[in-house]
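Remarks on the structure that follows.
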Amino acid sequence: MKVRTRLAPSPTGDPHVGTAYQALFGYVWAKVNGGEFVLRIEDTDQERSTEASEAAILESLKWIGITWDEGPDVGGPYGPYRQSDRLDIYKKHIDMLIQKGHAYSCFCTKERLDTVRKKLIEEKAPNRGYDRKCRDLSPNEAAKRIAAGEPYVVRMKIPLEGECLFNDLLRGEIRKDWASIDDQVIMKADGFPTYHLAVVVDDHLMEITHIIRGEEWINSVPKHVLLYQFFGWEPPVYCHLPLLRNPDKSKLSKRKNPTSINYYRKAGYLPEALLNYLGMMGWHMPDGSEKFSVQDMIKSFDLTDISLGSPVFDRTKLRWLNGRYIREDNSVSDLTDKLQEWALNPDYIARVTAVVASRLETLSDWGYFTAMFFSDSVPVTEGLLAVKDMEKSQVIELLQLTLWKLEKVRDWNSASISSILKEVAELFELKLKVLTSPLYGAICGSKVAPPLFDSMEVLGSDLCRTRITAAMNVLGGLSGKKLKKLEKKYRT
RNA sequence: GACCCCAUCGUCCAAUGGUAAGGACACCGGCCUUUCACGCCGGCAAUACGGGUUCGAUCCCCGUUGGGGUCGCCA
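Heads up, the first sequence is in the numbering used here, so the first residue is 1 and it goes up one at a time.
The following block contains the structure:
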């Protein structure tokens with residue numbers, strides 16, 4: 001059987017280095033076996049999925065050098081490759097499960113589920129899920145309520161006892177009691193399938209042989225193998241990759257580390273270096289060499305050689321590796337080309353110049369004023385971020401809220417940034433000027449700088465957000481507790 | 001809290017049922033050099049703990065501890 005692997009990103013945010021990590025191993029494994037690598041967009045979350053995010057993911061994967069044989073942009077024999085275009089397929093399969101008695105309609109409201117869950121947590125019950133209230137409704141009654149227009153979801157019937165045993169290629173046998181698993185929703189009230197249903201149906205229909213994905217999915221495997229059983233299908237090989245981590249060992253997150261591929265691109269990393277670095281997370285060349293290409297990898301890669309300790313994503317070592325690529329593989333003329341591609345092109349220079357033009361007295365002033373547009377980070381001190389009559393902790397809150405608001409901006413431009421900042425200022429009952437003062441420090445690394453909103457527009461969202469996060473860390477950062485409190489207070 | 005996964009220098013990755021436990025990043029020293037960087041040489045630094053199995057365990061088994069993940073009509 002031909003080896004087929006897939007990457008199944010969900011277009012709900014920035015292209016993540018973890019996605020690239022999984023893409024790399026999936027791609028390489030397919031190519032080791034002369035097989036195919038498929039890109040499938042998992043946009044079953046109507047609320048959060050955006051076309052912009054999908055486009056950004058494809059674009060950044062291309063930049064880093066991952067290609068796919070089938071996907072939403074190139075098509076292929078197993079399409080469509082976007083889950084929102086496969087709704088009728090899921091519907092058919094969901095109906096099949098209901099008919100066979102493996103799934104049922106559930107009319108419980110979110111409010112009821114919340115209450116049930118809260119109560120279970122208060123009671124310190126070991127299982128905190130759904131109480132299966134609708135599991136034994138008669139099909140007739142269910143049909144009646146559906147006909148009456150009552151909203152409902154479809155849940156799968158998980159066995160009430162016994163245990164599920166499955167195999168992970170890297171970890172061997174894993175067992176889990178069925179009793180510890182909820183009756184998982186497989187179709188939401190909006191008629192869209194959930195991940196669990198869609199992923200199983202698609203992986204089967206697309207003849208995926210190896211599921212290579214992050215370790216956070218291990219606990220869902222029982223639900224998936226049960227679905228395979230319900231449908232009478234053969235499950236694929238499961239291979240759960242270790243999770244990339246922050247230096248503090250938690251799962252890699254943008255709050256503690258830049259996670260957007262676009263950040264690394266804007267900060268001037270070479271795609272081949274980033275990919276190489278990801279390749280040494282959990283894997284190594286047989287001869288121990290640390291600099292290797294995807295082609296090198298394909299020559300000696302075996303999935304079962306992956307080590308399981310979740311690696312820390314160490315930006316210092318990535319920087320070193322990137323440096324090796326720059327100085328070992330590039331002539332000055334190559335670098336000149338790359339710099340032009342990166343930022344020293346007429347377009348970017350024009351945009352930067354527009355921001356500083358009115359301040360120039362000599363052409364050479366340009367270099368002085370624009371350094372921040374060609375840097376990764378800027379030098380920030382507490383003093384630069386200080387606001388008169390304001391506690392440090394308040395400044396951090398201010399920055400955090402700004403960050404959250406900025407993350408939601410769709411069209412990153414001066415006007416939208418300006419209106420966001422005005423919003424934040426109003427929320428805190430501050431003059432805009434007061435809010436922008438620490439932002440000048442965070443974004444520009446100086447109190448003297450070109451106009452903030454325009455600068456931020458030119459700099460781009462990835463660099464701006466990374467700089468704001470860095471500034472918050474200079475001030476001591478936010479504890480998880482405080483963050484949650486803040487989130488409750490302000491975040492919608 | 002329940003369940004699942006994991007455990008070699010600070011970090012990444014090696015190694016073997018018998019080793020002086022190896023390489024890389026970082027750090028420290030030295031050489032090179034107009035400075036810095038690169039390069040070169042050297043140094044610091046790890047088998048989490050407790051029980052087994054064994055002539056012998058870092059490696060195999062069990063427990064403890066520690067870390068991570070999952071417990072959504074998110075993926």
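Every residue gets a Cβ at the ideal spot worked out from N, C-alpha and C, and that includes glycine. Bear in mind that the values here come from a model prediction, so they are computed numbers and not experimental data.
Given residue i, which residues of its chain have a CB within under 8 Å of its CB, disregarding the five upstream and five downstream residues?
i: residue 113; result: 130
i: residue 454; result: 354, 355 and 414
i: residue 314; result: 247
i: residue 281; result: 21, 242, 244, 311 and 313
i: residue 400; result: 472, 478, 483 and 486
Whose C-beta lies closer than 6 Å to the C-beta of residue i among residues of the same chain, with five residues either side of it excluded?
i: residue 277; result: 318 and 321
i: residue 285; result: 292
Along the chain, where does the alpha helix (DSSP H) containing residue i start, and where does it finish?
i: residue 297; result: 294–300
i: residue 317; result: 315–329
i: residue 53; result: 51–64
i: residue 87; result: 87–99
i: residue 222; result: 221–231
i: residue 369; result: 365–370
i: residue 334; result: 332–342
With DSSP collapsed to three states, give me the class of residue i.
i: residue 448; result: coil
i: residue 269; result: coil
i: residue 187; result: strand
i: residue 310; result: coil
i: residue 173; result: strand
i: residue 165; result: strand
i: residue 192; result: coil
i: residue 240; result: strand
i: residue 36; result: strand
i: residue 359; result: helix
i: residue 213; result: strand
i: residue 457; result: helix
i: residue 245; result: strand
i: residue 70; result: strand
i: residue 254; result: coil
i: residue 75; result: strand
i: residue 112; result: helix
i: residue 284; result: coil
i: residue 82; result: strand
i: residue 41; result: strand
i: residue 260; result: strand
Could you spell out the range, first to last residue, of the beta strand (DSSP E) harbouring residue i?
i: residue 5; result: 4–7
i: residue 105; result: 103–106
Round the Cβ separation of residue i and residue j to the nearest angstrom and send it over; I've been treating them as touching at under 8 Å.
i: residue 202; j: residue 83; result: 7 Å
i: residue 398; j: residue 435; result: 6 Å
i: residue 53; j: residue 12; result: 6 Å
i: residue 146; j: residue 4; result: Incorrect: roughly 37 Å between the Cβ atoms, too far for contact.
i: residue 252; j: residue 259; result: 6 Å
i: residue 132; j: residue 121; result: That belief does not hold up - the Cβ atoms of residue 132 and residue 121 are roughly 17 Å apart, past 8 Å.
i: residue 472; j: residue 463; result: With 8 Å as the limit, residue 472 and residue 463 do not qualify as a contact, their Cβ atoms being about 15 Å apart.
i: residue 42; j: residue 198; result: 7 Å
i: residue 263; j: residue 469; result: With a Cβ gap of about 10 Å, residue 263 and residue 469 do not count as contacting.
What does a CB cutoff of less than 7 Å around residue i pick up in its chain, not counting 5 residues either side in sequence?
i: residue 103; result: 94, 97, 154, 155, 156, 157 and 186
i: residue 422; result: 432
i: residue 444; result: 372, 378 and 455
i: residue 420; result: 405, 406 and 409
i: residue 65; result: 271, 272, 275 and 294
Handout entry: Ranges of the alpha helix (DSSP H) found wholly within the region 378–446, counting only runs of at least 4
Key = DSSP runs (the alpha helix (DSSP H)) wholly in the region 378–446: 382–385, 392–407, 414–427 and 432–444.
Exercise for the section: Pick out the complete alpha helix (DSSP H) segments inside the region 122–163, 4 residues or longer, and give them in chain order. Expected result: Restricted to the region 122–163, the alpha helix (DSSP H) segments that are unbroken, complete and at least 4 residues in length are 139–147, listed in chain order.
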